[in-house]
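First the structure, in the form of structure tokens, and then the observations on it.
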Amino acid sequence: MSTRTKALCATLLALTLSSGCTQGPPPPVPEPTVDTRAVSDIGPYWCDVIPQQAVRIISGLAIPLTEDNWGVPTTHGGCLLRNEYTRFSINWSIRGGNEALDLAQENFGRRRLADLPTDLGKGLIAYTEGEPRTGPYVAFILFRCGNKRPWMGIDFSEVAKGRNVITDLTTLLRIARDRFGEIHRCTPKAS
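In this text, residue positions in the sequence shown follow my numbering: the first is 728, and each later residue adds one.
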């Protein structure tokens, strides 16, 4: 018998013997763990007003994100966090607050999860049920800061399973509003 034939016979014998062996069921796939930490105001920040850790906790994203800012720092601006698509965005202005609130109510009012607490400002939290690329988790706030009435709109591509989106986005809006006040040297209050 040639070496090649011996190797083939050994392989066939091993396959025959191993096919008769039974293995137990495969081990269960572990459930992803939910980050149960509270959203808090801990730097460093993205978009000047959003704690990086908060975005990671709320979204569950651990992937690298690129920050892109625009606007005029004294009057309006926006910021995106993205990789292959936008994962988070914030837009703000000190102008047109009532109109922006009306538009948010019109666009997201039927998908509203909650109104904001009255001590925070006027606004809402909504879920549009869209694909992650559309930023389906939306939050909007109109508040006072000195003699101005700024507004902010936030959207997330996703929220980690098991997180309380209303609590998390309410806390995030409170942090963003307070950081806005620090940056613009005014005291934020409900509108």
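No residue lacks a Cβ here, since even glycine has one placed at the ideal position from N, Cα and C.
Fair warning: this is a prediction, and the values are worked out from it, not measured in the lab.
Exercise for the section: Go ahead and pull the three-state DSSP assignment for Leu851. Expected result: Mapped onto the sequence shown, residue 851 falls at position 124. Strand, per DSSP.
Handout entry: Spatial distance of Gly908 from Ser767 (CA atoms)
Key = As a first step, residue 908 must be located in the sequence shown, where it is residue number 181. As a first step, residue 767 must be located in the sequence shown, where it is residue number 40. About 17 Å.
Exercise for the section: Enumerate in chain order the residues of its own chain whose CB-to-CB distance from Gly857 is below 6 Å, with the five nearest sequence positions on each side excluded. Expected result: Here residue 857 refers to the residue found at position 130 of the sequence shown. The answer, listed in chain order, is Pro863.
Practice task
May I have the straight-line CA-CA distance separating Ile817 from Ala887, to the nearest angstrom?
Solution key: What you label residue 817 is simply residue 90 of the sequence shown in a count that begins at 1. What you label residue 887 is simply residue 160 of the sequence shown in a count that begins at 1. Rounded to whole angstroms, Ile817 to Ala887 spans 19 Å at the Cα level.
Practice task
Excluding the 5 residues preceding and the 5 following Val761 in the sequence, name in chain order all residues of the same chain whose CB lies nearer than 6 Å to its CB.
Solution key: As a position in the sequence shown, residue 761 is number 34, starting the count at 1. Taken in chain order, the residues that qualify are Gly889.
Problem - Distance between beta carbons of Leu808 and Val776, contact taken as under 8 Å - result: For this step, residue 776 is matched to residue 49 along the sequence shown. For this step, residue 808 is matched to residue 81 along the sequence shown. Val776 to Leu808, Cβ: 13 Å. No contact.
Practice task
Tell me where the beta strand (DSSP E) around Thr813 begins and ends.
Solution key: As a first step, residue 813 must be located in the sequence shown, where it is residue number 86. Run containing Thr813: 813–820, per the beta strand (DSSP E) assignment.
Handout entry: Cβ neighbour criterion (16 or more within 10 Å) applied to Ala789
Key = Indexing the sequence shown from 1 puts residue 789 at position 62. Exposed, since its Cβ has fewer than 16 Cβ neighbours within 10 Å.
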